[in-house]
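Peer 1: Could you have a look at this structure, given as structure tokens, before my questions?
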């Protein structure tokens, strides 16, 4: 699981304006391990497609030493080349650049968003969620697991090495 240095993460959800704090105890060990294995593949320039439930999801991540932005899409069955953007999540443990970038791009949310303490996760449900509403059941824990894995300093060098090899 995450390092002891990562005590808790502030999670800002733009669709409801709430900020909650969570730590590694909020994520099952199995989910953490699954995301730990999956995350480096999302950093690839083409992202990764994964099968889950009855759908195929495309996940791509921009990641560096200041944090990252992960985007999750559902691939549509008709037309097969299309995908719907479900979620954007950004995370950092050292600055607010990603937070401000996602806030600037928010669509129609009218909540007052207070800048969270570091480290943070900010998530934005995208309009494409209409194409896969059941995903709302798992997107929050999935985003939280991604942030825990990505912000764990023990994992950072491992991910960057894999990124450079691809």
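In this note's numbering, the protein residues as written are 46 to 211.
Where is the CB? At the ideal position from N, CA and C, for every residue including glycine.
#1: Just confirm the distance between the C-beta atoms of residue 137 and residue 173, as a whole number of angstroms; I'd bet it's less than 8 Å.
#2: In its own chain, which residues sit with a C-beta less than 6 Å from the C-beta of residue 94, not counting the 5 before and 5 after it?
#3: Tell me whether the beta-carbon of residue 170 lies closer than 7 Å to the beta-carbon of residue 60.
#4: Indicate the three-state DSSP secondary structure (helix, strand or coil) for residue 148 in the structure shown.
#5: Determine the closest residue to residue 115 out of 84, 163, 177, 175, with distance taken between C-alpha atoms.
#6: Quick check: residue 9 and residue 168, are their CB atoms within less than 7 Å of each other?
#7: When burial is assigned at 16 or more other CB atoms within 10 Å of the CB, is residue 196 buried or exposed?
#8: Measure the Cβ-Cβ separation of residue 106 and residue 87 and say whether it is below 7 Å.
#9: According to DSSP, is residue 79 helix, strand or coil?
#10: Buried or exposed for residue 157, please, with buried defined as at least 16 other CB atoms from any protein chain shown within 10 angstroms of its CB.
#11: Counting C-beta neighbours from all protein chains within 10 Å, is the total for residue 177 16 or more, i.e. buried, or is it exposed?
#12: Look up residue 49 in the DSSP assignment and say whether it is helix, strand or coil.
Peer 2: This is what the structure gives:
#1: Along the chain shown, one-based indexing puts residue 137 at 92. Along the chain shown, one-based indexing puts residue 173 at 128. The distance from the Cβ of residue 137 to that of residue 173 is about 24 Å, inconsistent with a contact at the 8 Å cut-off.
#2: On the chain shown, residue 94 is found 49 positions in, with the first residue counted as 1. 101, 103, listed in sequence order.
#3: Within the chain shown, the letter at position 125 stands for residue 170. Within the chain shown, the letter at position 15 stands for residue 60. It is a contact, given that the beta carbons lie within the stated cut-off.
#4: Here residue 148 is taken as the residue at index 103 of the chain shown, counted from 1. DSSP places residue 148 in helix when its eight states are reduced to three.
#5: For the purposes of this step, residue 115 is taken as residue 70 along the chain shown, with counting starting at 1. Residue 115 has its Cα closest to that of 84, out of 84, 163, 177, 175.
#6: Beyond the ends of the chain as shown, which are 46 and 211, falls residue 9; an answer cannot be given.
#7: The sequence position of residue 196 within the chain shown is 151, counting from 1. So residue 196 counts as buried.
#8: Sequence index remark: in the chain shown, residue 106 carries index 61 (1-based). Sequence index remark: in the chain shown, residue 87 carries index 42 (1-based). Cβ distance < 7 Å, so residue 106 and residue 87 count as in contact.
#9: As a position in the chain shown, residue 79 is number 34, starting the count at 1. If DSSP states are grouped into helix, strand and coil, residue 79 belongs with the helices.
#10: Counted from its first residue, the chain shown places residue 157 at position 112. Around the C-beta of residue 157, fewer than 16 other C-beta atoms lie within 10 Å, and the residue is accordingly described as exposed.
#11: To locate residue 177, count along the chain shown from 1; it is residue 132. Taking a 10 Å sphere around the C-beta of residue 177, we find 16 or more other C-beta atoms and assign the residue as buried.
#12: As a working note, residue 49 is residue 4 in the chain shown. Its pLDDT being 46, under 50, residue 49 is placed unreliably in this model, and the value from its coordinates should be taken loosely. In the structure shown, residue 49 adopts coil according to DSSP, grouped into three states.
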